[in-house]
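Just below is one structure, and these are the notes that go with it.
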Amino acid sequence: MNVFRLAGDMSHLLAIIILLLKIWKTRSCAGISGRSQLLFALTYTARYLDLVTNWVSLYNTVMKVFFIATSYATIYLMYLKFKATYDSNHDTFRVEFLLLPVTILALVLNHEFSFMEILWTFSIYLEAVAILPQLFMVSKTGEAESITSHYLFALGSYRLLYIFNWIWRYYTEEYYDLIAIIAGVVQTVLYCDFFYLYFTKVLKGKKLQLPA
Amino acid sequence: ILQSFTHDEL
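Quick note, the sequences are listed as chains A and B, same order. By our numbering, the letter at position 96 of the first sequence is numbered 96, and the numbering carries on one by one without gaps. To convert a position in the second sequence, counted from 1, into our numbering, add 212.
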């Protein structure tokens, strides 16, 4: 554990809390992509099955349980409790275009051809692109509420901070995991355009609005 | 063996 890793995890935690609070306080999930949330739930389920096969630390276990539980709570709020507020007509990204390549890639490019390892690899690749339906939704409607922007910023920062963590680990422990690093870089790059808009608009008090 | 890799990150 180093400061980048901890900051990354806290950023991830913050993103989820922002999202849940936004939905709960406004009693609405308008502007949030249910498809991205389903992909995140699938990501954490596939990755954290190792909760039952190996113990890392109490911190690790608590965070994993939190990520799995909150991802399903988000889905419950979006698809059941506040279903009437879900913008499904703007949430039209075809997730099979992500799931199919990610599945094939996980079967081909992995550290070890075992059940758990392929699920882990699948989750790493899937997480990298899981935000695309959300970004697609923002570009389709041309705008995002400030709170949604803060959520996306925290979520994007998390993998960026992990990249610094990997650089740190490479120099201090000679540890590196190419699959996680490459997927993490791809994941972060997908947010670049959003980061730019966040700094130039949202932080100056303007709404995130794309040029028509 | 189900898993020989231990992933210590989240």
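Where is the CB? At the ideal position from N, CA and C, for every residue including glycine.
Taking C-alpha positions only, A:D91 is separated from A:N165 by approximately 33 Å. Rounded to the nearest angstrom, the Cβ distance from A:F4 to A:L161 is 5 Å, consistent with a contact under 8 Å. Rounded to the nearest angstrom, the gap between the Cα atoms of A:M1 and A:E174 is 14 Å. For A:T103, the closest of A:H111, A:F93, A:S88, A:L119 by C-alpha to C-alpha distance is A:L119. Three or more beta-carbon pairs drawn from the stretch 16–35 of chain A and the stretch 63–83 of chain A are found closer than 8 Å, and the two stretches are therefore classed as touching.
Within the DSSP bridge table, the entry for A:A144 names A:L208 as partners. A:R159 places its beta carbon less than 8 Å from that of A:Q187.
The CB of A:M63 comes closer than 7 Å to the CB of L222 in chain B, given here in chain order. A contact between stretches requires three or more CB pairs, one per stretch, nearer than 8 Å, and the stretch 51–68 of chain A fails this requirement with the stretch 132–148 of chain A. For A:W168, none of the residues of chain B pass the 9 Å Cβ criterion, the least Cβ distance being about 12 Å.
Within the same chain, I118, T121, F122, Y125 come within 7 Å of A:A106 by CB-CB distance, once the 5 residues on both sides are set aside. Using a CB distance below 7 Å, the part of the stretch 93–112 of chain A facing chain B consists of H111, E112, ordered along the chain. Take A:Y198, set aside five residues on each side of it, and the residues of its chain with a beta-carbon closer than 8 Å to its own are S149, L152, F153, L208, in chain order.
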